[in-house]
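**Student:** Take a look at the following structure, please.
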């Protein structure tokens, strides 16, 4: 149980921190310029929190734990990348297929970002277990 909690904390905190920098500083104007009136004046932080809490669980179960079991950070990162591409791709490609005016550029950038940030969070979850936990899962 300790290992799971450490994996979750490392994954969740890194996902939240890195995505906050991306959304709040790096790409803020990109999304505003691309999506315009589709964006809310300010994010719904309650809904965002639900996403981060649930997505961190998925990253731990589908990427971090396989990496820990195999003793390989590259397994965690690789599975994280696949999960990120699938999750963000599902969202973005569905929007592209169903919403009038959804920009292709947003789809490509967001899928690349989702792949990267999920892989990074999985790697951080793995490292948290290595540094603060046990390898027994």
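Numbering (my numbering), first residue to last: 3 to 139.
Don't be surprised by glycine CBs; every beta carbon is placed ideally from N, CA and C.
#1: Have a look at residue 122 and residue 95 and give me their C-alpha separation to the nearest angstrom.
#2: Is the beta carbon of residue 38 closer than 8 Å to that of residue 65?
#3: Quick check on DSSP: helix, strand or coil for residue 3?
#4: Out of 31, 4 and 62, point me to the one whose CA is closest to residue 16's CA.
#5: Report buried or exposed for residue 105, applying the criterion of at least 16 other Cβ atoms within 10 angstroms of its Cβ.
#6: Taking the straight line between their C-alpha atoms, what separation do you get for residue 130 and residue 72?
#7: Where do the N-terminal and C-terminal ends of the alpha helix (DSSP H) with residue 70 fall, by residue?
#8: For the alpha helix (DSSP H) that residue 115 lies in, which residues bound it at each end?
#9: Measuring straight from C-alpha to C-alpha, what distance separates residue 89 and residue 79?
#10: Using the Cβ count rule (16 or more neighbours within 10 Å means buried), how would you classify residue 107?
#11: From the beta carbon of residue 27, is the nearest beta carbon of chain C less than 8 Å away?
#12: Which residues in the same chain as residue 14 place their Cβ atom closer than 6 Å to its Cβ, once the five residues preceding and following it in sequence are excluded?
#13: To which residues of the same chain is residue 34 closer than 7 Å at the C-beta, ignoring the five residues directly before and after it?
**Tutor:** So, from the listed chains and residues:
#1: 22 Å
#2: No; because the gap between Cβ atoms is not below 8 Å, this pair is not in contact.
#3: coil
#4: 62
#5: With 16 or more Cβ atoms within 10 Å of its Cβ, residue 105 is classed as buried.
#6: 15 Å
#7: 67–72
#8: 106–134
#9: Spanning the two alpha carbons is a distance of roughly 15 Å.
#10: With fewer than 16 other Cβ atoms inside 10 Å of its own Cβ, residue 107 counts as exposed.
#11: Absent here is chain C; the protein component of the structure consists of one chain.
#12: 58
#13: Close CB contacts of residue 34 within its chain, under the 7 Å cut and outside five residues either way in sequence, are with 41 (chain order).
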